[in-house]
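In what follows, a single structure is set out as structure tokens and then discussed.
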Amino acid sequence: DAGVIQSPRHEVTEMGQEVTLRCKPISGHNSLFWYRQTMMRGLELLIYFNNNVPIDDSGMPEDRFSAKMPNASFSTLKIQPSEPRDSAVYFCASSPQGGGNTIYFGEGSWLTVV
Amino acid sequence: SQKIEQNSEALNIQEGKTATLTCNYTNYSPAYLQWYRQDPGRGPVFLLLIRENEKEKRKERLKVTFDTTLKQSLFHITASQPADSATYLCALPVSSNTGKLIFGQGTTLQVKP
Numbered sequence: 720d721a722g723v724i725q726s727p728r729h730e731v732t733e734m735g736q737e738v739t740l741r742c743k744p745i746s747g748h749n750s751l752f753w754y755r756q757t758m759m760r761g762l763e764l765l766i767y768f769n770n771n772v773p774i775d776d777s778g779m780p781e782d783r784f785s786a787k788m789p790n791a792s793f794s795t796l797k798i799q800p801s802e803p804r805d806s807a808v809y810f811c812a813s814s815p816q817g818g819g820n821t822i823y824f825g826e827g828s829w830l831t832v833v
Numbered sequence: 003s004q005k006i007e008q009n010s011e012a013l014n015i016q017e018g019k020t021a022t023l024t025c026n027y028t029n030y031s032p033a034y035l036q037w038y039r040q041d042p043g044r045g046p047v048f049l050l051l052i053r054e055n056e057k058e059k060r061k062e063r064l065k066v067t068f069d070t071t072l073k074q075s076l077f078h079i080t081a082s083q084p085a086d087s088a089t090y091l092c093a094l095p096v097s098s099n100t101g102k103l104i105f106g107q108g109t110t111l112q113v114k115p
């Protein structure tokens, strides 16, 4: 299996610009997660989907962040407008089912907002 | 809310020794606990899952214990090797009926030859 695929791997953008991060989960997995990792705050869960439906978005920091999962094989995390404090590594992960199972992470999207 | 504490200081040990990493949590006892390994520039990779009714679990040179009374899990790597150098994260479900996992900050292990 190809694993969780994220794009872009690296992005540098100017403050105020829109950023869109993309994720293709492992085929057959019905849970998808977006995490953000920084040195200060560690790995934080932003949102997770089950069967393409957002279940918990309580970790989304503010309205500038939005996530969609139009189908079982694709999800996006959008930041609009971006700010320097959004600089972080954003991980997408998927899991075969809702609880008690391994979460498989992608390699991350490294975002720098200048 | 549930909180996870891992030793933020790096652990430096000599090759061949046993590394022991600690994960403490507050509040409710989770149904299970997981350990992940993260290498620089990579995503976390699952290592082991231990359930609340299991005291200990082993996988090759790895051993995990789970003490629900102390609210603590210990992660051991025996006969450590330089290739074991990485950051190790523990993770817990927020509640029993969700796949929502929260992660500790991780402990960086450095194994010196």
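Those sequence lines, one after another, are chains A and B.
The opening position of the first sequence corresponds to residue 720 in the numbering used here, with each subsequent residue numbered one higher.
The opening position of the second sequence corresponds to residue 3 in the numbering used here, with each subsequent residue numbered one higher.
The beta-carbon is built from N, C-alpha and C at its ideal position, and this holds for glycine as well.
If you're wondering where the values come from, they're calculated on a predicted model, not measured in any experiment.
Distance between B:Gly18 and A:Leu765 (C-alpha atoms, nearest Å): 39 Å
Closer than 8 Å to chain B by CB, A:Phe768: no
Member of A:Ser785, A:Leu830, A:Asn790 whose CA lies at the smallest distance from the CA of A:Lys797: A:Ser785
Cβ-based neighbour list, A:Gly827, same chain, cut-off 7 Å, excluding 5 preceding and 5 following: Excluding sequence neighbours, A:Gly827 sits near Gln725, Val808, Tyr809, Phe810.
N-terminal and C-terminal residue of the beta strand (DSSP E) that A:Pro727 is part of: Counted as a single uninterrupted DSSP element, the stretch harbouring A:Pro727 is not any beta strand (DSSP E), since DSSP gives it neither H nor E.
Any chain A beta carbon closer than 8 Å to B:Gly108: For B:Gly108, at least one C-beta of chain A is nearer than 8 Å to its own C-beta.
Contact list for the stretch 29-45 of chain B against chain A, Cβ threshold 9 Å: Residues of the stretch 29-45 of chain B with a C-beta atom less than 9 Å from some C-beta of chain A are Ala33, Tyr34, Gln36, Tyr38, Gln40, Gly43, Arg44, Gly45, listed in chain order.
Backbone secondary structure at B:Pro115 - three-state DSSP: coil
B:Leu81 - containing beta strand (DSSP E), residue span: It should be noted that the sequence gives Ala, not Leu, for residue 81 of chain B. Note, B:Ala81: premise wrong, no beta strand (DSSP E); not H, not E.
Proximal residues to B:Lys57 (C-beta, below 7 Å), its chain only, five neighbours per side dropped: Thr67, Phe68
Test item: CB-CB of B:Ile15 and B:Gly106 under 8 Å: no
Short CB-CB distance (under 8 Å) between A:Thr831 and chain E: In the displayed structure, chain E is absent; the protein chains listed are A and B.
Residues that A:Ile798 bridges to, as DSSP identifies them: A:Val738, A:Phe784
Buried or exposed by the 16-neighbour rule on C-beta atoms within 10 Å, applied to B:Ser97: exposed
Option in A:Trp753, A:Val723, A:Asp805 with minimal Cα separation from A:Gly778: A:Trp753
Bridge partners - B:Arg39, DSSP secondary structure assignment: B:Val47, B:Tyr90
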